[in-house]
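There are 2 protein chains.
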Amino acid sequence: MSKKSKKELIVEKAKDSFSRYGYELTTVEAIARECNITKPAVYYHFKDKAALYKAVVCPEFTALAEKIEEHTKKGIPTQRLENYIQTFGAFLVQNPTFSAIFAREIANGSSTLPDDCTEQLARTIRQLISILHTGEKEKVFQVESPFLIQMMIVTPLISCQTTKPLREKIAKFAHNEIIPLEPHFENIVDSLSQKIIKGLLC
Amino acid sequence: MSKKSKKELIVEKAKDSFSRYGYELTTVEAIARECNITKPAVYYHFKDKAALYKAVVCPEFTALAEKIEEHTKKGIPTQRLENYIQTFGAFLVQNPTFSAIFAREIANGSSTLPDDCTEQLARTIRQLISILHTGEKEKVFQVESPFLIQMMIVTPLISCQTTKPLREKIAKFAHNEIIPLEPHFENIVDSLSQKIIKGLLC
DNA sequence: TTTTCCTTACTTAACGGTAAGTAAAATTAT
DNA sequence: ATAATTTTACTTACCGTTAAGTAAGGAAAA
Numbered sequence: 001m002s003k004k005s006k007k008e009l010i011v012e013k014a015k016d017s018f019s020r021y022g023y024e025l026t027t028v029e030a031i032a033r034e035c036n037i038t039k040p041a042v043y044y045h046f047k048d049k050a051a052l053y054k055a056v057v058c059p060e061f062t063a064l065a066e067k068i069e070e071h072t073k074k075g076i077p078t079q080r081l082e083n084y085i086q087t088f089g090a091f092l093v094q095n096p097t098f099s100a101i102f103a104r105e106i107a108n109g110s111s112t113l114p115d116d117c118t119e120q121l122a123r124t125i126r127q128l129i130s131i132l133h134t135g136e137k138e139k140v141f142q143v144e145s146p147f148l149i150q151m152m153i154v155t156p157l158i159s160c161q162t163t164k165p166l167r168e169k170i171a172k173f174a175h176n177e178i179i180p181l182e183p184h185f186e187n188i189v190d191s192l193s194q195k196i197i198k199g200l201l202c
Numbered sequence: 001m002s003k004k005s006k007k008e009l010i011v012e013k014a015k016d017s018f019s020r021y022g023y024e025l026t027t028v029e030a031i032a033r034e035c036n037i038t039k040p041a042v043y044y045h046f047k048d049k050a051a052l053y054k055a056v057v058c059p060e061f062t063a064l065a066e067k068i069e070e071h072t073k074k075g076i077p078t079q080r081l082e083n084y085i086q087t088f089g090a091f092l093v094q095n096p097t098f099s100a101i102f103a104r105e106i107a108n109g110s111s112t113l114p115d116d117c118t119e120q121l122a123r124t125i126r127q128l129i130s131i132l133h134t135g136e137k138e139k140v141f142q143v144e145s146p147f148l149i150q151m152m153i154v155t156p157l158i159s160c161q162t163t164k165p166l167r168e169k170i171a172k173f174a175h176n177e178i179i180p181l182e183p184h185f186e187n188i189v190d191s192l193s194q195k196i197i198k199g200l201l202c
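Those protein sequences? They're chains A and B, same order as listed.
Every letter in the first sequence is one number past the one before it in the working numbering, and letter 111, counting from 1, is 111.
Every letter in the second sequence is one number past the one before it in the working numbering, and letter 12, counting from 1, is 12.
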């Protein structure tokens, strides 16, 4: 008896594949092969490919929303915003497949994102709105669109993860120039957080 | 005699389709139909689907690099950085299909991005490095990774374009709450620019 | 003996790409 | 100038492959 059920194994391998290749280039057969089973065995556990995708993404978005809520409840607005960014950054480190999946959803207008996930995203944005609103009332933050702040937080961090191969290719094109060192992801989160808060302060 | 050649028409319709549906979900047949020709007629002009994609994206990346270089040559570092961001923002407005295409490339690690485009991207980053480096030497900018700054500029602007449907869906989930107004894209560019520069100043 | 979990073998449909042929325009030869 | 030839820009009809999804059945466990 393995610790994980076969269904959980399928979700795990599906997550890897969706993250690496995207929804269209992921084949159910390849996922089955990774699990050492056949394709119809996957269809025994999941109605269709879309249902499998839902089983992959929904728990991730729920976990994210929960962590954000948990870590940004109390404190002064600057601290809560710092926590919002740090929690998101930590989530990306702990869930390495999430960046690519989320990035693709953002890129294609989230047309395929399950409603459950949209609702979880709404939860995190509600939290961000609360933080910004408090900061504005206390005259520590400028008035700013929460959607822009959300984008300023989420998309640079996500794309720092997904563009690693691109940056390596670009570095090769600049052979005899001084290429600045690539910072580690943790430092990027700190830098971004510092800059966003500084840019937002009155 | 039409102003545009059929080949140019194909590229134009292909650009629409790649932007809307992405590479995989775009079919050569659908592009042909949009041009009122048959699929093999497309293959008469282009070797294969990948070559057609190249014909769509390469001129866009080249135009972007050229505009960036042109508008960020001279001035003090803060002004050059402001121009960098504004030029990129203006390019997105003038090329409405570019955001989705670029966003997808970022999301999938740019594995399918032609080398020519990577080189044009390298040009823009070289320009940004020059701006930041001058600012650092003159003690007006903090030392910061150019890649992070590039991500802070490019990805929020792109995703403000691509996530419009997502934001609308999210707004619906928050029925009886106060939803902040959606700013216009031009204002977003200004806000972002102001925040990035403020966050970067010593 | 029924339910669970899987396999083998299959259908269906879509899509990238090609072979072969053709009407019209452009080029060359007479 | 005109007839012959070639090139351009397509069309119709097709092939090969791939991938989603299913029907039917079987072994093992409950």
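The C-beta atom is built at its ideal place from N, Cα and C for all residues, glycine as well.
Owing to the predicted nature of the structure, the values given are computational and were not obtained by experimental measurement.
- Contact check for Val28(A) and Pro77(A): beta-carbon distance about 47 Å, past the 8 Å limit, so the pair fails to qualify.
- Nearest to Val189(A) by C-alpha distance, out of Leu92(A), Thr124(A), Gly199(A), Ala174(A), is Leu92(A).
- For Cys160(A), the neighbours in chain B by C-beta distance under 8 Å run, in chain order, Phe147, Leu148, Met151.
- Contact annotation: the region 148-159 of chain A touches the region 155-171 of chain B, with at least three C-beta pairs closer than 8 Å.
- By the Cβ criterion, the region 41-55 of chain B is not in contact with the region 103-110 of chain B, since fewer than three pairs of Cβ atoms, one from each stretch, lie closer than 8 Å.
- Here Gln194(B) has no same chain residue with a Cβ atom under 6 Å from its own Cβ, once five neighbours each way along the sequence are excluded.
- Burial is judged here by how many other beta carbons sit within 10 angstroms of a residue's own beta carbon; Lys73(B) has fewer than 16 and is exposed.
- Look at Leu121(A): its C-beta is under 8 Å from a C-beta on chain B.
- No Cβ of chain A is located within less than 8 Å of the beta carbon of Ala50(B).
- Around the beta carbon of Cys202(A), fewer than 16 other beta carbons lie within 10 angstroms, which makes this residue exposed.
- Taking 8 Å as the cut-off, the beta carbon of Arg80(A) is found no closer than this to the beta carbon of Ile125(A).
- Annotation: the continuous alpha helix (DSSP H) that includes Ile188(B) extends over 185-200.
- In the DSSP assignment, Gly22(B) falls within the unbroken alpha helix (DSSP H) covering 6-25.
- At the C-beta level, Glu119(B) and Phe173(A) come within 8 Å of one another.
- When 8 Å is used as the limit between beta carbons, Arg104(A) is near these residues of chain B: Arg104, Ala107, Asn108, in chain order.
- Taking the CA atoms as reference points, Val42(A) sits about 10 Å from Ala14(A).
- Straight through space, the alpha carbons of Ala171(A) and Leu200(A) are spaced by roughly 32 Å.
- In this structure, the beta-carbon distance from Pro114(A) to Lys54(A) falls below 8 Å.
- In this structure Cys58(B) touches Asp116(B) by the C-beta definition: roughly 5 Å separates them, less than 8 Å.
- At least one CB atom of chain A sits nearer than 8 Å to the CB of Ser191(B).
- Under the 10 Å beta carbon count, Ile31(A) is surrounded by 16 or more other beta carbons and is classified as buried.
- Closest by C-alpha distance to Glu12(B), out of Phe98(B), His175(B), Arg167(B), is Phe98(B).
- Lys137(B) sits exposed, since fewer than 16 C-beta atoms from the chains shown fall within 10 Å of its C-beta.
- Around the Cβ of Tyr84(A), a 10 Å sphere holds 16 or more other Cβ atoms; the residue is buried.
- The three-state reading of DSSP puts Phe46(B) in coil, since its state is none of H, G, I, E or B.
- When C-beta distances to chain A are compared with 9 Å, every residue of the region 31-43 of chain B stays at or above that value.
- With a threshold of 16 other beta carbon atoms within 10 Å, Gln94(B) falls short and is exposed.
- Each of Ala100(B), Glu144(B), Leu64(B) was checked against the Cα of His184(A), and the nearest Cα belongs to Glu144(B).
- For secondary structure counted as the alpha helix (DSSP H) over 4 or more consecutive residues, the region 125-172 of chain A holds these complete runs in sequence order: 146-162.
- Contact annotation: Glu8(A) and Ile197(A) have beta-carbon atoms that are not nearer than 8 Å.
- For Thr87(B), the uninterrupted alpha helix (DSSP H) segment begins and ends at 77-94.
- Secondary structure of His71(B) (DSSP, three-state): helix.
- Between the C-alpha atoms of Val56(B) and Ala65(B) there is a straight-line separation of about 16 Å.
- In this structure, Gln142(A) sits away from Leu128(A), with a CB-CB distance that is not shorter than 8 Å.
- Against Phe173(A), the close residues of chain B are Thr118, Glu119, Ala122, in the order they occur along the chain (beta-carbon pairs closer than 7 Å).
- In the DSSP assignment, Glu177(A) falls outside any alpha helix (DSSP H) and carries neither an H nor an E.
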